[in-house]
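A.B. asks: For the sequence shown, the tail end lands on 840 under this note's numbering, and the numbers increase by one without skipping.
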Amino acid sequence: MDGMLSVIIPAYNEADIIVKTLDAIFLTLHQHNIPHELIVVDDGSVDHTWEQITAFADQNPNVVAICFSRNFGKEAAIFAGLGEATGDAVAVMDGDLQHPAELLPEMYTLWQKGFEVVEGVKANRGKEGICSRLCAHSFYRIWKIFTHIDLSGGTDFKLMDRKVVQALCSMPERHTFFRGMNVWVGYRRAQIPFEVPPRAGGKTKWSWWRLCRFALNAITSFSSAPLQLVTTAGGIFFVFTLVMGLQTLWNKFSGRAIGGFTTVILLLLMIGSIIMLALGIIGSYLAKIYEELKGRPRYLITRRLDRR
Numbered sequence: 533m534d535g536m537l538s539v540i541i542p543a544y545n546e547a548d549i550i551v552k553t554l555d556a557i558f559l560t561l562h563q564h565n566i567p568h569e570l571i572v573v574d575d576g577s578v579d580h581t582w583e584q585i586t587a588f589a590d591q592n593p594n595v596v597a598i599c600f601s602r603n604f605g606k607e608a609a610i611f612a613g614l615g616e617a618t619g620d621a622v623a624v625m626d627g628d629l630q631h632p633a634e635l636l637p638e639m640y641t642l643w644q645k646g647f648e649v650v651e652g653v654k655a656n657r658g659k660e661g662i663c664s665r666l667c668a669h670s671f672y673r674i675w676k677i678f679t680h681i682d683l684s685g686g687t688d689f690k691l692m693d694r695k696v697v698q699a700l701c702s703m704p705e706r707h708t709f710f711r712g713m714n715v716w717v718g719y720r721r722a723q724i725p726f727e728v729p730p731r732a733g734g735k736t737k738w739s740w741w742r743l744c745r746f747a748l749n750a751i752t753s754f755s756s757a758p759l760q761l762v763t764t765a766g767g768i769f770f771v772f773t774l775v776m777g778l779q780t781l782w783n784k785f786s787g788r789a790i791g792g793f794t795t796v797i798l799l800l801l802m803i804g805s806i807i808m809l810a811l812g813i814i815g816s817y818l819a820k821i822y823e824e825l826k827g828r829p830r831y832l833i834t835r836r837l838d839r840r
């Protein structure tokens, strides 16, 4: 089975490295005679990323470049690329060369053999610090508990059949989590482990705050399990309150009641904290509903360049 491969590259403030990335992809696909198109999505960069992309497109055929009106996030950039792709197979990879371009021919070959999703899986997490590894491990553990889907080692580096892309694009939600949605749709899958190389230039754009927001959005967009935690916590504290109430009545009627000011204060603080946490979880889901009901687009495109 032969077919054209669309490669989607989201980019945000990657002026220092985006041309290196596009050159590496372009050279690899040419060397293996894979028909292709490159779709580069500038996620509202404030540096010279767009100028670098357009300069590359002027020198190379089969390049589509779109630029958002502002930074809408990597998820929006991925789905914008999926909407633009016309290939029989579609690959998604980062623009910092931490997703090795040399794996694309192997992924393409597996697709030719009938696999509908071929995903790159991290054999290790590269030179990440201990804190980053711990946070990532914690997120994947929590994710698995809430969704029963194991994403350990998973990345956005995937090659998908056209039918998979169509399934993803048919999902109307505006708060998306590509990695989780890709697993949810199913289809016949294969994995390729890879070593994560260091960034070839520039700095990561993922601050701790952005990572925390991304993790919270991923969980609340994909699973309602946190809402069930509120119910579970309420049941546990109801049982706890019932036991404490029976103990208090026993002490009262047996004449052994003593002052419990400290206990009352601690109980009030604990119950108040649980209530505030529950309201926060419920508020997160209400905010998601509010955003969905407004029906605003996932992104706005301000510039487009098509060299196909």
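Even for Gly, the Cβ is constructed at its ideal location relative to N, Cα and C.
On a predicted model such as this, the values are computed, not experimentally measured, just so you know.
Between the beta-carbon of S702 and the beta-carbon of A617, is there less than 8 Å?
C.D. replies: For S702 and A617, no; Cβs fall outside 8 Å.
A.B. asks: May I ask you to report which of helix, strand or coil DSSP gives F647?
C.D. replies: Note: F647 maps to coil in three-state DSSP.
A.B. asks: Give me the Cβ distance between T581 and E607, rounded to the nearest whole Å; I'm assuming they're in contact under 8 Å.
C.D. replies: So it is not a contact: roughly 18 Å between Cβ atoms.
A.B. asks: Could you check the C-alpha separation between E638 and F558 for me, to the nearest Å?
C.D. replies: So the two alpha carbons sit approximately 15 Å from each other.
A.B. asks: Could you name the residues of the same chain whose beta carbon sits closer than 8 Å to that of I724, not counting the 5 residues immediately before and after it, in chain order?
C.D. replies: Within the same chain, I724 has close Cβ partners L635, E638, M639, L642, V650, E651, G652, V653.
A.B. asks: Using the three-state DSSP reduction, which class does I549 fall into: helix, strand or coil?
C.D. replies: In the structure shown, I549 sits in coil (DSSP, three-state: anything other than H, G, I, E or B).
A.B. asks: With which residues is D838 paired in a DSSP beta bridge?
C.D. replies: Answer by DSSP bridge pairing, in chain order: V596.
A.B. asks: Can you tell me which of I598, P542, Q563, P567 puts its alpha carbon nearest to the alpha carbon of T834?
C.D. replies: Per the Cα distances, I598.
A.B. asks: Is the beta carbon of F726 sitting closer than 8 Å to the one on A655?
C.D. replies: Going by C-beta atoms, F726 is nearer than 8 Å to A655.
A.B. asks: Which full runs of the beta strand (DSSP E) of 3+ residues lie inside the region 554–612, going along the chain?
C.D. replies: Within the region 554–612, the complete beta strand (DSSP E) runs of at least 3 residues are 568–574, 595–600.
A.B. asks: Please return the same chain residues whose Cβ sits closer than 6 Å to the Cβ of R720, not counting the five positions on each side in sequence.
C.D. replies: F647, E648, listed in sequence order.
A.B. asks: If M694 sits next to A623, beta carbons under 8 Å apart, how far is it from one beta carbon to the other, in whole angstroms?
C.D. replies: It should be noted that the sequence gives Arg, not Met, for residue 694. In fact, because the Cβ distance is near 12 Å, the residues do not count as touching under 8 Å.
A.B. asks: Since R706 and R602 should fall inside the 8 Å C-beta cutoff, what is the C-beta to C-beta distance between them, to a whole number of angstroms?
C.D. replies: Not a contact, Cβ separation roughly 16 Å.
A.B. asks: According to DSSP, what are the bridge partners of I538?
C.D. replies: First, the residue type needs correcting, since residue 538 is Ser and not Ile in the sequence shown. Bridge partners of S538: E569, V622.
A.B. asks: Taking 7 Å as the line, does the beta carbon of V649 fall inside it for any heavy atom of the ligand SAH?
C.D. replies: Of ligands this structure carries none, so the ligand SAH is not represented either.
A.B. asks: When you compare each of G718, L700, D628 to A556 by their alpha carbons, which one comes out closest?
C.D. replies: If we check each option's Cα against that of A556, D628 comes out closest.
A.B. asks: With distances taken Cα to Cα, identify the nearest neighbour of G718 among A699, F709, M625.
C.D. replies: If we check each option's Cα against that of G718, A699 comes out closest.
A.B. asks: Hey, quick one: how far does the beta strand (DSSP E) through M692 stretch, first residue to last?
C.D. replies: Per DSSP, M692 belongs to the beta strand (DSSP E) from 690–693.
A.B. asks: For Y719, decide whether its Cβ has a neighbour in chain B, counting only Cβ atoms nearer than 8 Å.
C.D. replies: Reference to chain B is not applicable here, since this structure consists of a single protein chain.
A.B. asks: Compare the beta carbon distance of F611 and D575 with 8 Å and say whether it is the shorter of the two.
C.D. replies: The answer is no: Cβ separation not under 8 Å.
A.B. asks: Output needed for V697: all residues of its chain with C-beta closer than 8 Å, excluding positions within five of it in sequence on either side, in chain order.
C.D. replies: L614, A617, V622.
A.B. asks: Please confirm whether V596 and E569 have their CB atoms less than 8 Å apart.
C.D. replies: Taking 8 Å as the Cβ cut-off, V596 and E569 qualify as a contacting pair.
A.B. asks: Distance check for N714 and R673, CA to CA, integer angstroms please.
C.D. replies: The straight-line gap from Cα to Cα measures roughly 18 Å.
A.B. asks: Can you tell me whether P786 is buried or exposed, with buried defined as 16 or more other CB within 10 angstroms of its CB?
C.D. replies: For the record, residue 786 in the displayed sequence is Ser; it is not Pro. S786 comes out exposed.
A.B. asks: To the nearest angstrom, how far is it from the Cα of I803 to the Cα of V775?
C.D. replies: I803 and V775: Cα-Cα distance of roughly 15 Å.
A.B. asks: Name the DSSP bridge partner or partners of F512?
C.D. replies: What the structure shows of the chain is the stretch from 533 to 840, and residue 512 is not part of that stretch, so it cannot be assessed.
A.B. asks: For the putative contact between L837 and T553, defined by C-beta atoms under 8 Å, what is the C-beta separation to the nearest angstrom?
C.D. replies: That pair is no contact at about 17 Å.
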